[in-house]
Amino acid sequence: MRTAALALTLLGLSAAPLTAQDWQAIVVGQPGPGTDVSLDDALHAGEALKKGGVPLLDVIRDMPRARLTDTLAVMGDVPRLVFFYSGRMPSGSLAMQDGAMPLDTILQSAAGAGTQEMILMLENCSDESPIPSRITVPDAPDGMALMVVASAGPGARCEPGERLSDALRAMSEEQSLTGDLLARLDGMFTVGSVPSPVVMTGAGPQDSGDSLVELLPEDVILLPALDGDFSLGGGESGFEETIGVDEVIEIVLPARVPDIPDMPEIVEDNSPVITFAALPTAQIAALPIVAGLPDPSILVGLIEGVTDASLEVDPQPDAPSTALASFFDDNAEIATSLATLRNMRQNDPEMYSSLLATGAFDPQDDRVLAKVIQSELSRMNCYRGRVDGQYGRRSREGSSSYFDELKKKGLAALDDPAATVDLFRLILGNDDIRCPDPVVARPRTNNPARQQNATRQTQSSPVRQQPAQTVQRNQPVQQQSTPSRQPNFSGARFGSGIGR
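Taking mature numbering (1 follows the signal peptide of the UniProt record, and there is no 0), I'd label the letters of the sequence shown as residues -20 to -1, 1 to 480.
Structure follows, in structure tokens:
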């Protein structure tokens, strides 16, 4: 493999002999501007590792930072870890759905889970540019052997079909995947090393009995109901309904399993467990349900007065939306909606991030979209113009000022300052920015000493008067009759005064 200094900062790489143990993997793909292939890259990387017998701890595709943080937090004893990422990599960080995740945080979290050998697979050719993205990797934690694998190094070009993700995709299409994983990736750019090979066995890990079902927002879940009484409140009070074997339970996402400590052990071994991992779009906030129902929102059968509204066939077409983020062309209502969203983010940040990512808050009108962005930029002191929906030069300068502050914090920014949905979601996901006040030019002050000197000069040099003309008009007869008494008005005495 080619090894060199890839715009990386790798210090303190150590290689201590370890006992033989299986490798495990985390796969992350985050799409963004110019990196639409990242989702596919993560899909194929996960499939290749799975076919090679490497257990997958998590496959994270277009998710907020909290998902990766939670995965790292619950990670048990993992002495050897493969971490694959495809997406934007701003200044030593990995871009996630709601901001950047520092690589140092990932390395330290892995070290805390007992990781002693780690392979960072970073796809730095995830956009359309032939120039590979710059990668900056911090020092490895003490006691960790770190190896970085990327598509291209400095001075190289991103060639179609020769990326790291392309090699993993080809491996994922093989029927039997065996051998040394790193040997199969010969030709990729690498820095550092690990003492243990990644030996692929060609068979994935045995199923543990519990199956994870990942749901999309459009999925509908129908579960056969248990025969007998079913209580939404756990049997303590309130809402109870008797259902039969032929009826079904309709689950409105997001749903949480109620905490029923006295629930009998009715689940047999090896039965599938469904984990509700997906969220719907704005319909969650706008779903009309009668107030006072217990939590969770699990609807059983057709219940009079409860599910009637949600099953209405022909709702009023002109009825205004009751979603949390109903933005209208009114500055006061926009401010109210933004305040509501900030409260929601504070109370339930995970729900907020999920709804924001699915477009639940996106304004439908371009003018309203521009107004919302102007309002937020103005609140953050990045824009000082009018909130009028006209996204001109001053508004774009406000976007650029916001981007500059994001970069100072090591967060990912956009390339285009225009009023777009991407900018809207970026701002609502990173609204704790404060732009500096503009620099105002100091007014010019007069020098009192110079002003006093100028006054003295004016007093000592008065404007010349012309008394000769006055005397000449008052005494025309005397000048003609007695020329011997005519005064001298030569230039030599014109400025020295008269009547001495």
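All C-beta atoms in this analysis are idealised placements derived from N, C-alpha and C, irrespective of residue type, glycine included.
| query | Given that a residue counts as buried once 16 or more other Cβ atoms are within 10 Å of its Cβ, and exposed if not, what is residue 418? | reply | Within the sequence shown, the letter at position 438 stands for residue 418. By the 10 Å Cβ count, residue 418 comes out exposed.
| Which same chain residues, not among the five before or five after residue 161, have their C-beta less than 7 angstroms away from its C-beta? | As a position in the sequence shown, residue 161 is number 181, starting the count at 1. Only 32, 178 and 180 meet the Cβ criterion.
| said: Quick test of your reading: residue 124 and residue 98, contact by CB under 8 angstroms. State the CB separation rounded to the nearest angstrom. | reply: Start at 1 with the first residue of the sequence shown, and residue 124 comes out as number 144. Start at 1 with the first residue of the sequence shown, and residue 98 comes out as number 118. Yes, residue 124 and residue 98 are in contact; Cβ-Cβ is about 6 angstroms, under 8 angstroms.
| field | Unbroken stretches of the beta strand (DSSP E), 3 residues or longer, contained in the stretch 48 to 98 | value | 60 to 66, 73 to 76 and 79 to 82
| Residue range of the unbroken alpha helix (DSSP H) whose run includes residue 492 | Residue 492 lies beyond the residue range present for the chain, which begins at -20 and ends at 480; the question has no answer from this structure.
| query | What three-state label does DSSP hand residue 412 in the structure shown? | reply | As a first step, residue 412 is located in the sequence shown; it is residue number 432 there, counting from the start. Coil.
| task | Go ahead and pull the three-state DSSP assignment for residue 320. | result | Numbered from its first residue, the sequence shown carries residue 320 at position 340. If DSSP states are grouped into helix, strand and coil, residue 320 belongs with the helices.
| For residue 419, which residues does DSSP report across the bridge? | Start at 1 with the first residue of the sequence shown, and residue 419 comes out as number 439. Paired residue(s): none; residue 419 is not in a bridge.
| Near residue 343, what residues of its chain come up, given a Cβ to Cβ distance below 6 angstroms and the 5 sequence neighbours on each side ignored? | As a working note, residue 343 is residue 363 in the sequence shown. 307, 349 and 352, listed in sequence order.
| request: Give the straight-line distance between the Cα atoms of residue 102 and residue 92, rounded to the nearest whole angstrom. | output: Taking the sequence shown and counting its residues from 1, one reaches residue 102 at position 122. Taking the sequence shown and counting its residues from 1, one reaches residue 92 at position 112. Looking at the two C-alpha atoms, the distance is approximately 22 angstroms.
| Which whole-angstrom value is the C-beta distance of residue 148 and residue 129, which I expect to be below 8 angstroms? | One-based indexing of the sequence shown puts residue 148 at position 168. One-based indexing of the sequence shown puts residue 129 at position 149. With a Cβ gap of about 10 angstroms, residue 148 and residue 129 do not count as contacting.
| Do the CB positions of residue 347 and residue 369 come within less than 8 angstroms of each other? | In the sequence shown, the residue the question calls residue 347 occupies position 367. In the sequence shown, the residue the question calls residue 369 occupies position 389. Yes, the pair counts as a contact, with Cβ atoms nearer than the cut-off.
| request: Look at the Cβ atom of residue 132, then the Cβ atom of residue 112, and state whether they are nearer than 8 angstroms. | output: In the sequence shown, counting from the first residue as 1, residue 132 sits at position 152. In the sequence shown, counting from the first residue as 1, residue 112 sits at position 132. Taking 8 angstroms as the Cβ cut-off, residue 132 and residue 112 qualify as a contacting pair.
| request: With a cut-off of 8 angstroms on the beta carbons, I'd call residue 39 and residue 7 a contact; round off their distance for me. | output: Counting from one through the sequence shown, the residue named residue 39 turns up at place 59. Counting from one through the sequence shown, the residue named residue 7 turns up at place 27. Confirmed, about 5 angstroms.
| said: Starting from residue 26, trace the alpha helix (DSSP H) in both directions and tell me its first and last residue. | reply: Translated into the one-based positions of the sequence shown, residue 26 becomes position 46. Counting along the chain, the alpha helix (DSSP H) containing residue 26 begins and ends at 18 to 31.
| query | Between residue 70 and the rest of its own chain, which residues show a CB-CB distance below 6 angstroms, the 5 nearest in sequence each way excluded? | reply | The count along the sequence shown starts at 1 and reaches residue 70 at position 90. Cβ within range, chain order: 80 and 392.
| C-alpha gap between residue 153 and residue 28, whole angstroms | Looking up residue 153 in the sequence shown gives position 173. Looking up residue 28 in the sequence shown gives position 48. Looking at the two C-alpha atoms, the distance is approximately 8 angstroms.
| task | Look at the alpha carbon of residue 44 and the alpha carbon of residue 104, and state the distance between them as a whole number of angstroms. | result | Position 64 of the sequence shown holds residue 44. Position 124 of the sequence shown holds residue 104. Straight-line Cα distance between these residues: approximately 20 angstroms.
| said: For residue 125, list the residues DSSP reports as bridge partners. | reply: Taking the sequence shown and counting its residues from 1, one reaches residue 125 at position 145. Answer is 97.
| Under 8 angstroms between C-beta atoms, does residue 9 make it to chain B? | In the structure shown, chain B does not exist; there is a single protein chain.
| Cβ neighbours of residue 410 in the same chain (closer than 8 angstroms, five flanking residues each side left out) | Along the sequence shown, one-based indexing puts residue 410 at 430. Here the set comprises 78, 79, 386 and 391.
| field | Rounded distance between the beta-carbons of residue 87 and residue 120, thought under 8 angstroms | value | As a first step, residue 120 is located in the sequence shown; it is residue number 140 there, counting from the start. As a first step, residue 87 is located in the sequence shown; it is residue number 107 there, counting from the start. Correct: roughly 6 angstroms between the Cβ atoms.
| task | Apply the 10 Å Cβ neighbour rule to residue 137 and answer buried if 16 or more other Cβ atoms are within range, or exposed otherwise. | result | Counting from 1 along the sequence shown, the entry for residue 137 is found at position 157. So residue 137 ends up on the exposed side.
| task | Taking only the alpha-carbon atoms, compute the straight-line gap between residue 65 and residue 100 and give it to the nearest angstrom. | result | Here residue 65 corresponds to residue number 85 of the sequence shown, with the count starting at 1. Here residue 100 corresponds to residue number 120 of the sequence shown, with the count starting at 1. Approximately 8 angstroms between the Cα atoms of the pair.
| task | Could you give the DSSP three-state label for residue 337: helix, strand or coil? | result | Taking the sequence shown and counting its residues from 1, the one referred to as residue 337 is at position 357. In this structure, residue 337 counts as helix in the three-state DSSP scheme.
| query | Going by the CB atoms, is the gap between residue 9 and residue 41 shorter than 8 angstroms? | reply | The residue you call residue 41 lines up with position 61 of the sequence shown. The residue you call residue 9 lines up with position 29 of the sequence shown. Taking 8 angstroms as the Cβ cut-off, residue 41 and residue 9 qualify as a contacting pair.
| Neighbourhood of residue 52 by C-beta, 6 angstroms cutoff - its chain only, sequence neighbours within 5 removed | Along the sequence shown, one-based indexing puts residue 52 at 72. Result list for residue 52: 89, in chain order.
| task | Whole angstroms is fine: what's the gap from residue 400's alpha carbon to residue 173's? | result | Sequence index remark: in the sequence shown, residue 400 carries index 420 (1-based). Sequence index remark: in the sequence shown, residue 173 carries index 193 (1-based). Cα to Cα, the separation comes out at about 43 angstroms.
| message | Beta-carbon within less than 6 angstroms of residue 208's beta-carbon, same chain only, minus the 5 sequence neighbours each way: which residues are those? | response | Position 228 of the sequence shown holds residue 208. Caution is warranted here: a pLDDT of 47 is assigned to residue 208, below 50, making its placement in the model unreliable, and the coordinate value is therefore given only provisionally. Taken in chain order, the list of residues that qualify is empty.
| task | Hey, could you find the ends of the beta strand (DSSP E) residue 354 is sitting in? | result | Locating residue 354 in the sequence shown gives position 374, where the first residue counts as 1. Counting along the chain, residue 354 falls outside any beta strand (DSSP E), though it belongs to the alpha helix (DSSP H) covering 346 to 359.
| field | residue 356 versus residue 108 - alpha carbon distance | value | Here residue 356 is taken as the residue at index 376 of the sequence shown, counted from 1. Here residue 108 is taken as the residue at index 128 of the sequence shown, counted from 1. Cα to Cα, residue 356 sits roughly 32 angstroms from residue 108.
| Over what stretch of residues does the alpha helix (DSSP H) that includes residue 164 continue unbroken? | Your numbering for residue 164 matches position 184 in the sequence shown. 161 to 164 is the span of the alpha helix (DSSP H), which, as asked, contains residue 164.
| request: Report the residue from 325, 363 and 176 whose alpha carbon sits nearest the alpha carbon of residue 2. | output: For this step, residue 2 is matched to residue 22 along the sequence shown. For residue 2, the nearest C-alpha among the options comes from 176.
| Per DSSP, cross-strand counterpart(s) of residue 102 | Here residue 102 refers to the residue found at position 122 of the sequence shown. Beta-bridge pairing links residue 102 to 65 and 130.
| task | Taking only the alpha-carbon atoms, compute the straight-line gap between residue 338 and residue 4 and give it to the nearest angstrom. | result | Residue 338 sits at position 358 when you count from the first residue of the sequence shown. Residue 4 sits at position 24 when you count from the first residue of the sequence shown. Each residue's Cα considered, the two are about 30 angstroms apart.
| Under a Cβ-count criterion, where at least 16 other Cβ atoms within 10 Å of its own Cβ denotes burial, should residue 316 be classed as buried or exposed? | As a first step, residue 316 is located in the sequence shown; it is residue number 336 there, counting from the start. Residue 316 is exposed by the Cβ-count criterion.
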